[in-house]
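Protein sequence lines correspond, in order, to chains A and F.
Those letters in the first sequence? Residues 1 to 180, by full-length UniProt numbering.
Those letters in the second sequence? Residues 1 to 180, by full-length UniProt numbering.
Backbone N, C-alpha and C define an ideal beta-carbon position, used for all residues, glycine too.
Shown next, in structure tokens, is the structure this report addresses.
2 protein chains.
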Amino acid sequence: MKENEILERTRTMVIDAIAQNMNLYGITPSAGRLYGLLFFSDKPLTLDEMKEELGMSKTSMSTSVRSLLDLNMVEKVWVKGERKDLYTIKEDWYQCFFDFFTIKWRTAITMNSSAMEKSMANLKELIADPNIPEDIREHALMDIKKLEERIDYYDWQNRLIDSFETKEILNFIPIKDKKE
Amino acid sequence: MKENEILERTRTMVIDAIAQNMNLYGITPSAGRLYGLLFFSDKPLTLDEMKEELGMSKTSMSTSVRSLLDLNMVEKVWVKGERKDLYTIKEDWYQCFFDFFTIKWRTAITMNSSAMEKSMANLKELIADPNIPEDIREHALMDIKKLEERIDYYDWQNRLIDSFETKEILNFIPIKDKKE
DNA sequence: TAATACGTACAGAATTTACTGTACAAAATA
DNA sequence: TATTTTGTACAGTAAATTCTGTACGTATTA
Chain A
1 MKENEILERT RTMVIDAIAQ NMNLYGITPS AGRLYGLLFF SDKPLTLDEM KEELGMSKTS
61 MSTSVRSLLD LNMVEKVWVK GERKDLYTIK EDWYQCFFDF FTIKWRTAIT MNSSAMEKSM
121 ANLKELIADP NIPEDIREHA LMDIKKLEER IDYYDWQNRL IDSFETKEIL NFIPIKDKKE
Chain F
1 MKENEILERT RTMVIDAIAQ NMNLYGITPS AGRLYGLLFF SDKPLTLDEM KEELGMSKTS
61 MSTSVRSLLD LNMVEKVWVK GERKDLYTIK EDWYQCFFDF FTIKWRTAIT MNSSAMEKSM
121 ANLKELIADP NIPEDIREHA LMDIKKLEER IDYYDWQNRL IDSFETKEIL NFIPIKDKKE
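Next up, the structure:
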């Protein structure tokens, strides 16, 4: 049937585009495709349905779904009388975007920051010693300066992510009203 | 010498942390390390110096530098009397962060958006035909709705990135004053 | 103009990442 | 309790990415 063909074709096109996009989020291509599939699905899917639909192994579906769950992009839903696990896409794109930064970026920034704090403590301890060679002191002071700047920058990023987490960013960049 | 050891050790620690962090930007681990190296270097480096410092091939250095250049994280500098190309890190972290979204995210979003616009046009053309089956029409209308929502979301992301590009975001999340 | 130096394209090697199939633990059914 | 079903751990395989060395075009020096 001609019309179904068109529907199918347009979906595939969009799914490809979404999958492409997902690498921004550090997501594997097949998890990206899965996400696209869930985007269009009007009902939650089981691992077996995904496997069927994408022609991949069930194990792959399991790991892909897990990676999407980790990013809060997908959720498990419970349906009465259904024994299998069911998964559906999280419809709130904005929340999803915010969660991404709260989960991935925040973690990375925190780790980075604390490594730098620790290093800075070492350096400060070093220069506390009054009889270290002058060149060493200078070197240490320069590194401390660099680390301080970088830590300030991470602090800024953290404040930005705070505004995502609290959704205060929406006061600054509002979601446009739906035309009813 | 003991003190130099400490300086070196703290640097290595920070470089590792930075390299780790860089995968948020979709950057290869060795390009991440290179970035860390440049972070501490007090002078611009040549490809040969990088190669020396990281113990890698010159070709790798060339491609890593290029990927960092593409993201505006590094710049080529000209030094009088120096025949080789010299590269240095871009010191303005904020600009660098903004550029990342302007370059990578904007591109991805635009591609995604236009794929969706195109698909939507197809679907609208489909439902314009008065004698298509009812189930097909419903299906198409549902897809159109989903695409519209998603396009609105991309519009929001674009406005956010606009505020990065124009730095207006700094009115909302300000950079804290330096303590002098 | 000839000779040397520099950076990168390209192809192949090495490493990493992604995928599959089997096996098994946990849970549901009979 | 025995049987079946479901999801995932794990190990091996396939695929993709990253890295290296050679070769070569371009630019600089002699």
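Go through its chain and collect everything with a Cβ distance to I127(F)'s Cβ below 6 Å, but skip five positions before and after it. R137, A140
For T118(F), the first and last residue of its enclosing alpha helix (DSSP H): Checking the sequence shown, residue 118(F) turns out to be Lys, not Thr. Here the alpha helix (DSSP H) through K118(F) covers 106–128.
Thinking just about the alpha-carbon of each residue, which of P133(F), P44(F), F172(F), D135(F) is nearest to the one in D85(F)? P44(F)
Examine chain F for any beta-carbon lying closer than 8 Å to the beta-carbon of M13(A), and answer yes or no. yes
Against chain F, does E3(A) count as a neighbour if the rule is that its beta carbon must be under 8 Å from one of theirs? yes
Pairwise C-alpha distance: E49(F) and F164(F): 34 Å
May I ask you to list, following chain order, the residues of the segment 94–106 of chain A that have a beta carbon less than 8 Å from some beta carbon of chain F? Y94, F97, K104, W105
Compile a chain-ordered list of the residues in the segment 158–177 of chain A whose CB is closer than 7 Å to at least one CB of chain F. R159, L160, S163, F172, I173, I175, K176
Would D143(F) be called buried (16 or more neighbouring beta carbons within 10 Å of its own) or exposed? buried
One or two residues paired with L147(A) in a DSSP bridge: Per DSSP, none; premise fails for L147(A).
With a threshold of 8 Å between beta carbons, is S30(A) in contact with chain F? no
Thinking just about the alpha-carbon of each residue, which of D129(F), F39(F), Y154(F), Y153(F) is nearest to the one in V74(F)? F39(F)
Chain A partners of R150(F), CB-CB under 9 Å? V14, I18, F39, W93
Suppose you measure from the CA of V14(A) to the CA of E82(A); what does that come to, to the nearest Å? 30 Å
Going by the DSSP bridge assignment, what does K76(A) pair with across the sheet? Y87(A)
Compute the beta-carbon to beta-carbon distance between Q157(F) and I109(F), rounded to the nearest angstrom, for a pair I have assumed lies under 8 Å. 6 Å
Just to confirm, is the Cβ distance from I6(F) to S67(F) under 8 Å? no
Neighbouring residues, chain A, relative to N112(F) (Cβ below 8 Å): A17, I18, Q20, N21
Could you round the C-beta distance between L47(F) and K58(F) to whole angstroms and report it? I think they count as a contact, below 8 Å. 5 Å
Give me the DSSP bridge partner(s) of L45(F). Y87(F)
Could you name the residues of chain F that P44(A) contacts, counting a contact when the two beta carbons are closer than 8 Å? Result: empty, since nearest Cβ-Cβ is about 16 Å, beyond 8 Å.
Kindly list, in the order they appear in chain A, the residues whose Cβ is closer than 7 Å to that of I27(F). Near I27(F) there are no residues of chain A at all, since even the closest Cβ is about 11 Å away, more than 7 Å.
Count the other CB atoms within 10 Å of the CB of N171(F); is the residue buried (16 or more) or exposed (fewer)? exposed
Could you tell me how far apart the beta carbons of N4(F) and A17(A) are, in whole angstroms, since I believe they sit closer than 8 Å? Contact flag wrong, Cβ pair sits at about 53 Å.
Confirm, please, whether the CB-CB distance from M61(A) to K51(A) is below 8 Å. yes
Assuming F101(A) and I161(A) are in contact, meaning their beta carbons sit under 8 Å apart, how far apart are those beta carbons, in whole angstroms? 5 Å
Contact list for K90(A) against chain F, beta-carbon separation under 8 Å: Residues of chain F passing the Cβ test: none, with the nearest at roughly 12 Å.
Count the other CB atoms within 10 Å of the CB of G55(F); is the residue buried (16 or more) or exposed (fewer)? exposed
Does the beta-carbon of A31(F) have 16 or more other beta-carbons within 10 angstroms, so that it is buried, or is it exposed? buried
Secondary structure of D177(A), DSSP reduced to three states: coil
Helix or strand or just coil, what does DSSP make of N131(F)? coil
Check whether the Cβ atoms of residue 181(F) and S119(A) lie closer than 8 Å to each other. Since the first residue of chain F shown is 1 and the last is 180, residue 181(F) is not available in this structure.
Reducing DSSP to helix, strand and coil, say where M56(F) ends up. coil
May I ask which residues mark the beginning and end of the alpha helix (DSSP H) holding G81(F)? Looking at the DSSP string, G81(F) is not in any alpha helix (DSSP H), and its letter there is neither H nor E.
N23(A) versus E117(A): straight-line alpha-carbon distance, rounded: 31 Å
Here's the rule: buried if 16 or more other CB atoms are within 10 angstroms of the residue's CB, otherwise exposed. What is A19(A)? buried
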